[in-house]
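In our numbering, the protein residues as written are 7 to 573.
Below, the structure is given as C-alpha cells:
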C-alpha cells in the first residue's frame, strides 16, 4: 500500500512541474524591494492573457486588492485559451465536443475555486471504481494493451509480457544497483535517464506513451530534472531512484510513508491546509473520483471565472486586445507601460503591477496538436470500455502513419454531458511528430486521418454522424533539456529589468495542466499580499530557491484539513 500511494504521488509530481511562484515569506528572503513606495496597494494592475491562468490570476488578485483597478488583456475574441467546449446538435439530442483539456484531477486550489464559483452542483465525476478510471490502454505494437490500475492478476502480466510491451522490465529490479549519475551531470532527457537507470525499451514502449498524453512531446528531448523531479532527486540523494525510495523509508524512524519534497512545496502545502476550507461532502467525492469535469464541458469553468471577475466591479476583461509590448517607465515610482491593440496603432497605458501569462519564445519550444472529435449514433462501437489509449514512440510507422498521439473514449470516460447515447471519440494527432512538417493537415485531411486511425486500431469503419476538427498551433510548451537553467536566467533577467513590477504565471512557467496554472495563480496572488507586491519578485522564486529537498511524511503534501483524510 505504501508503494501504491507513492506511485500516486509520483504521478502528481509528473503533472505538477516544480516552478511555482513564491509564498510571501520566501519572496522577502529572495528579493529585497528595489524601489520605494508609500502606496498601500497597486492602483492599476494589468493581466496579460485571458486564458485560465490569466482569469485565475484576476480572480485571486482582485480578492487580495479589492480597491485596485484590474484590466485583463486578451488577444482573441473570447477568453479561455485552449479550453473549448462545443455543443453540437445530433439526431435525438446534443453532444459536447472538447477540443482541449476535458477533465481535471483533484488539486486543492482548483477544487476550492470550483466551490467558490458555485460549480460543485454542475460537476460530473468519474469514480475510481468505474471502467474509465480502471482501464487505460497503450496501443503496442498492433493492439490495445490494458495497463492495470490496481494489483495486476497473473493473466494481466502474461498478456502484457506476450505483447512485448514489458521488454526491459527487469531493469526495474536492477535499478538500485546502477551507479549514481556523474556529479557534473546537471540534467538529461527523460529517455536518457530511463535508459541509464532502467531500460531504453521501457522508455520507448510505456513512458513515451504517457508523455504523449500529457505533453505531446518527445522523451528524448524533454528534461528529466524537471519532469521526473522526484526520481531525479532520489537518485541525487540516495544514489538510486527506486532503491532510494526504500532506503528513505528504512533509514527514517517515522512510521508513516515518507516522500521527498522541495521546502517551497512543503510550505505551499502547509499554506493550502491553513487557508483553504473545503466542503466535506465535496472533498469526499473528490477523494473517490479519478477525474471530474462539468455538465456543460470544461469551458464552464472559464465562463464562471469570467462572470465572477467581471461582477466584482474592479475587473475589466478586454478581448481583441493583443499586447504589443511591455516596458518599465519612471524612476523610484516605477510603472510598466503596456501597449495593446492593433500592431499598426497600439495604445499605451501605465500600470503599477503587471502579471503576464504571455510566452517567451527563447524559453521553450512549443508543439502543435490537432484534435478530431467523432460522434457515432451507434453506442456499441468501442471494443473495450475505458478512458482511451495512448500510442508510444516505438509503434511501427505502418501502424501509425498519421502520427497520432492517442484516442480518448469520451463516451466511456465522461458521463452526464450528452443528451443522447452514442460513441464519442477524440483522436489526438501531431505533437512532436509534426515538428518538421512543412504544413499542417487541413480540416478535411485531419478528419480522414482520424477515421483511418480508429479504423486501423479499433476496427470502426462507420461514418461519423458528427465531427469537429481543431488545430491548436503551438499549444503545449516543451520543457526541454536544461529548462530549469533557462527559466532561472529568465527570472533573473525580468527581475533586474522590471524590479518586481512584472510577474509571470502560466503553462510555460508552472506546468502544462489546468491545475498547474490555477495553483500558480493562487501562489502568485498570495505572494502579493501585504507589501509583497512591492518586492523585487518575478513570480519564479521556486526555481531560484536552491534549498535542498527534504524528507517529509507523505501526508504533509496533501490536503488534510477535513476529517475525510484518513491515516
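For each residue, glycine too, the CB sits at the ideal point set by N, CA and C.
Remember, predicted model here, so these are calculated numbers, not experimental data.
Distance cut-off 7 Å: residue i Cβ against heavy atoms of the ligand ATP
i: residue 462; result: This structure simply doesn't include the ligand ATP, nor any ligand for that matter.
Reduced DSSP secondary structure (H/G/I, E/B, other) of residue i
i: residue 434; result: strand
i: residue 330; result: strand
i: residue 355; result: strand
i: residue 222; result: coil
i: residue 120; result: helix
i: residue 476; result: strand
i: residue 412; result: strand
i: residue 520; result: helix
i: residue 86; result: coil
i: residue 324; result: strand
i: residue 247; result: coil
i: residue 496; result: helix
i: residue 266; result: strand
i: residue 564; result: coil
i: residue 336; result: coil
i: residue 346; result: strand
i: residue 543; result: coil
i: residue 189; result: coil
i: residue 558; result: strand
i: residue 395; result: strand
Buried/exposed call for residue i, threshold 16 Cβ in 10 Å
i: residue 555; result: buried
i: residue 286; result: exposed
i: residue 357; result: buried
i: residue 146; result: buried
i: residue 445; result: exposed
i: residue 319; result: exposed
i: residue 363; result: buried
i: residue 496; result: buried
i: residue 129; result: buried
i: residue 317; result: exposed
i: residue 499; result: exposed
i: residue 519; result: buried
i: residue 238; result: buried
i: residue 502; result: exposed
i: residue 163; result: exposed
i: residue 176; result: exposed
i: residue 259; result: exposed
i: residue 196; result: buried
i: residue 353; result: exposed
i: residue 344; result: buried
i: residue 60; result: buried
i: residue 530; result: buried
8 Å contact criterion, which residue i and residue j should meet: CB distance rounded
i: residue 516; j: residue 506; result: Incorrect: roughly 19 Å between the Cβ atoms, too far for contact.
i: residue 435; j: residue 411; result: 7 Å
i: residue 551; j: residue 270; result: 5 Å
i: residue 234; j: residue 199; result: 6 Å
i: residue 105; j: residue 379; result: 7 Å
i: residue 66; j: residue 528; result: 6 Å
i: residue 521; j: residue 116; result: 5 Å
i: residue 534; j: residue 122; result: Actually they do not touch by this definition, with Cβ atoms about 18 Å apart.
i: residue 492; j: residue 544; result: Contact doesn't hold; Cβ gap of about 14 Å is too wide.
i: residue 171; j: residue 141; result: That belief does not hold up - the Cβ atoms of residue 171 and residue 141 are roughly 16 Å apart, past 8 Å.
Per DSSP, cross-strand counterpart(s) of residue i
i: residue 75; result: 50
i: residue 141; result: 154
i: residue 195; result: 229
i: residue 92; result: 103
i: residue 509; result: 361
i: residue 379; result: 432, 474
i: residue 483; result: 372
- Query: Does the stretch 419-439 come close enough to the stretch 450-460 that 3 or more CB-CB pairs lie under 8 Å?
  - Reply: yes
- Query: Is the stretch 483-500 touching the stretch 222-233 in the sense that three or more CB pairs, one from each, lie closer than 8 Å?
  - Reply: Of all C-beta pairs linking the stretch 222-233 to the stretch 483-500, three or more are shorter than 8 Å, placing the two stretches in contact.
- Message: If contact is defined by three or more beta carbon pairs under 8 Å, each pair taking one atom from either stretch, is the stretch 177-184 in contact with the stretch 360-376?
- Response: By the Cβ test, the stretch 360-376 is not in contact with the stretch 177-184, since fewer than three Cβ pairs between them sit closer than 8 Å.
- Query: Would the stretch 468-477 and the stretch 382-398 be scored as touching if the rule is three or more Cβ pairs under 8 Å?
  - Reply: yes
- Query: Does the pairing of the stretch 389-406 with the stretch 208-220 give three or more beta-carbon distances under 8 Å?
  - Reply: These segments touch.
- Message: Using 8 Å as the cut-off, can you tell me whether the stretch 149-162 makes contact with the stretch 325-334, which would need three or more C-beta pairs spanning the two stretches below that distance?
- Response: no
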